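In UniProt numbering, the protein residues as written are 1 to 314.
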């Protein structure tokens, strides 16, 4: 199954390296089936993430922050039928029971918060390791009782048999070494109302429009960037890193960044964001810098991230 319509003028970067999935060493799934990561008991207990219960997740409508910290940019003021970005993949150090992620959010708050999310994450509490993994998430009631990570509940319909959602991403970028990127495109099929997910040049599947309320129509806010949990378990700020674990001023090869940011309008046409706004929870711990001049190859781009705990981030 493929989308019946796709964004006008959208071209994914096919020059990026293919993502390596370790499970391919043992073969691949045949046509008509999909790979599913083996469910552990802790997955069942975290179907609705405890750190997002009670609306603790940030979005720019005045919601409570809780222990989440952000370095993001967002675009609002219109209706959106999709979004795109390419961004580096890193393996940030992450404390137990915390996470570090970089992703795209598509949100609607017409009635209650609906969100579609996709990106990479290090989450030892969920995945029982410190590897970087591709993940997805959705909810239609502000993270209360609907939605889940990956394929943990009915919702996302996977149509591709070669990629396991929730699996590790390799290779990852190294400080002062090679950088490796992923490109994610989420877009609404205007004929069916479904929201399709594309990773690199591969369409993975879709969220049916029928599982949403506000997002059954369109998104009212798009967000790109990083998020971490700060549990202060050692009575000081967490050492969990965001992005590469280095501040934006170190720039290419050292700092993590998003580039070629796009939104999809209701005519299914890709556009540069018109009025990006930055949001940083605590710039002494994690920061963000939007580049003023658009590079012809990188388009709209920004650096973000940081190390967490330090003398300036107590």
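Each residue gets a CB set at the ideal place from its N, CA and C atoms; glycine is no exception. Predicted, not measured: the structure shown is a model, and the values here were computed from it.
query = The beta strand (DSSP E) with residue 278 in it runs from where to where?
reply = 277 to 280
request  = Compute the Euclidean distance between the alpha carbons of residue 137 and residue 116, then round it to the nearest angstrom.
outcome  = 6 angstroms
ask   = What residues match up with residue 107 in a beta bridge as DSSP calls it?
value = 115 and 221
ask   = In the DSSP assignment, what residue or residues form a beta bridge with residue 288?
value = 304
query = Roughly how many angstroms lie between the CA atoms of residue 243 and residue 135, to the nearest whole one?
reply = 16 angstroms
ask   = Do residue 72 and residue 286 have their CB atoms nearer than 7 angstroms?
value = no
message = Looking at residue 122: is its Cβ nearer than 7 angstroms to the Cβ of residue 132?
response = yes
query = How is residue 86 classed by DSSP in three states: helix, strand or coil?
reply = strand
ask   = For residue 71, which beta-bridge partners are listed by DSSP?
value = 226 and 280
key: Closest by C-alpha distance to residue 350, when choosing among 144, 94, 291 and 274   = No information on residue 350 is available, as it lies outside the stretch 1 to 314 that the chain covers here.
request  = With a 10 Å radius around its C-beta and 16 neighbouring C-beta atoms as the bar for buried, classify residue 168 as buried or exposed.
outcome  = buried
Residue range of the unbroken beta strand (DSSP E) whose run includes residue 206 = 202 to 207
ask   = Since residue 257 sits in a beta bridge, which residues does DSSP pair it with?
value = 303
request  = From the DSSP output, in three-state form, read off residue 318 for me.
outcome  = Residue 318 cannot be examined here, being either before or after the span of the chain that is shown, 1 to 314.
message = For residue 126 and residue 150, what's the separation of their Cα atoms in angstroms?
response = 11 angstroms
query = Which first and last residues belong to the alpha helix (DSSP H) in which residue 127 is found?
reply = 124 to 127
key: Proximity below 7 angstroms, CB of residue 217 to CB of residue 3   = no
query = Taking the C-alpha atoms as reference points, what is the distance between residue 304 and residue 195?
reply = 27 angstroms
ask   = Are the region 264 to 279 and the region 202 to 211 touching by the rule of at least three beta carbon pairs closer than 8 angstroms?
value = no
request  = Using beta-carbon positions only, say whether residue 75 and residue 290 come within less than 7 angstroms of one another.
outcome  = no
ask   = residue 235 to residue 175, Cα distance in whole Å?
value = 29 angstroms
Straight-line gap, residue 237 to residue 283 (C-alpha atoms, nearest Å) = 13 angstroms
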